[in-house]
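Trainee: Okay, so the sequence shown: first residue is 5 according to the numbering used here, each after it adds one.
Beta carbons: idealized from backbone N, C-alpha and C, even for Gly.
Okay, here's the structure, questions in a sec.
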Amino acid sequence: MPQDPTERRVVVTGPPRRPRRASGYYRPRTEIDEQTTLGHTYVRSLMRTQLRAALTVFAVLGLLVGPLPLLFVAMPGAGRLEWGVLGFGLYAPLVLLARWYVRRAERNERDFVRLVEDR
Numbered sequence: 005m006p007q008d009p010t011e012r013r014v015v016v017t018g019p020p021r022r023p024r025r026a027s028g029y030y031r032p033r034t035e036i037d038e039q040t041t042l043g044h045t046y047v048r049s050l051m052r053t054q055l056r057a058a059l060t061v062f063a064v065l066g067l068l069v070g071p072l073p074l075l076f077v078a079m080p081g082a083g084r085l086e087w088g089v090l091g092f093g094l095y096a097p098l099v100l101l102a103r104w105y106v107r108r109a110e111r112n113e114r115d116f117v118r119l120v121e122d123r
C-alpha cells in the first residue's frame, strides 16, 4: 500500500535506562582481562604474595629438616632413632606446614578476588 507522504513517523525518546559511569571509574577485572599495566600489577602482586608464602614454608622446612643429617652423623649407631625421627617426628610438622600453606594461599586468593570484584 502506498503511504501518504503527509504521514510522518514519530520517534519517542526518553531518559537513558542505564546510568552512565562516572569518569575515573575503572574495573580491575577488565584491566586484568585486557592485560593493561594496572592489570599486570594486580596479577603480579598476587604472585608475589603466593611466592612469599611458599618461600616461608620452604625456609621453615629447611630449618627443620636441614640439621637432621648433622644430628644423625653426630650420633652414630642410632639407626632406629633416625627412622623414628624421620617417620614419626617429621610427619606432624610437615602436615602443619602444608595446612598453613594451603590456608594462606586460599586467603591470598580470596583477598585478590575481593580486590578485583565490582562492588
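#1: Using C-beta distances below 8 Å, list every residue in its chain close to Asp37, excluding the 5 sequence neighbours before and after it, in chain order.
#2: According to the neighbour-count rule (16 or more other Cβ atoms, all chains shown, within 10 Å of its Cβ), is Phe62 buried or exposed?
#3: When burial is assigned at 16 or more other CB atoms within 10 Å of the CB, is Phe92 buried or exposed?
#4: How about Thr40: is its C-beta nearer than 7 Å to some C-beta of chain C?
#5: Nearest-angstrom Cα distance between Ala78 and Leu100?
#6: Between the alpha carbons of Glu11 and Arg22, how many angstroms are there, rounded?
#7: Could you give the distance in angstroms between the alpha-carbon of Arg111 and the alpha-carbon of Gly83?
#8: As a quick exercise: from Val69, Leu74, Leu55, Pro73, pick the residue whose alpha carbon is nearest that of Tyr95.
Mentor: Let me spell this out:
#1: Here residue 37 is taken as the residue at index 33 of the sequence shown, counted from 1. Excluding sequence neighbours, Asp37 sits near Gly43.
#2: Taking the sequence shown and counting its residues from 1, the one referred to as residue 62 is at position 58. Burial call: exposed.
#3: The residue labelled residue 92 in the question sits at position 88 within the sequence shown. Classification of Phe92: exposed, given that the 10 Å Cβ count is below 16.
#4: Of the protein chains in this structure there is only one, and it is not chain C.
#5: For this step, residue 78 is matched to residue 74 along the sequence shown. For this step, residue 100 is matched to residue 96 along the sequence shown. Cα-Cα distance, rounded: 28 Å.
#6: Position 7 of the sequence shown, counted from the first residue, corresponds to residue 11. Position 18 of the sequence shown, counted from the first residue, corresponds to residue 22. Roughly 32 Å separates the two Cα atoms.
#7: Position 107 of the sequence shown, counted from the first residue, corresponds to residue 111. Position 79 of the sequence shown, counted from the first residue, corresponds to residue 83. Spanning the alpha carbons of Arg111 and Gly83 requires a straight line of approximately 42 Å.
#8: Residue mapping note: residue 95 aligns to position 91 of the sequence shown, counting from 1. Tyr95 has its Cα closest to that of Val69, out of Val69, Leu74, Leu55, Pro73.
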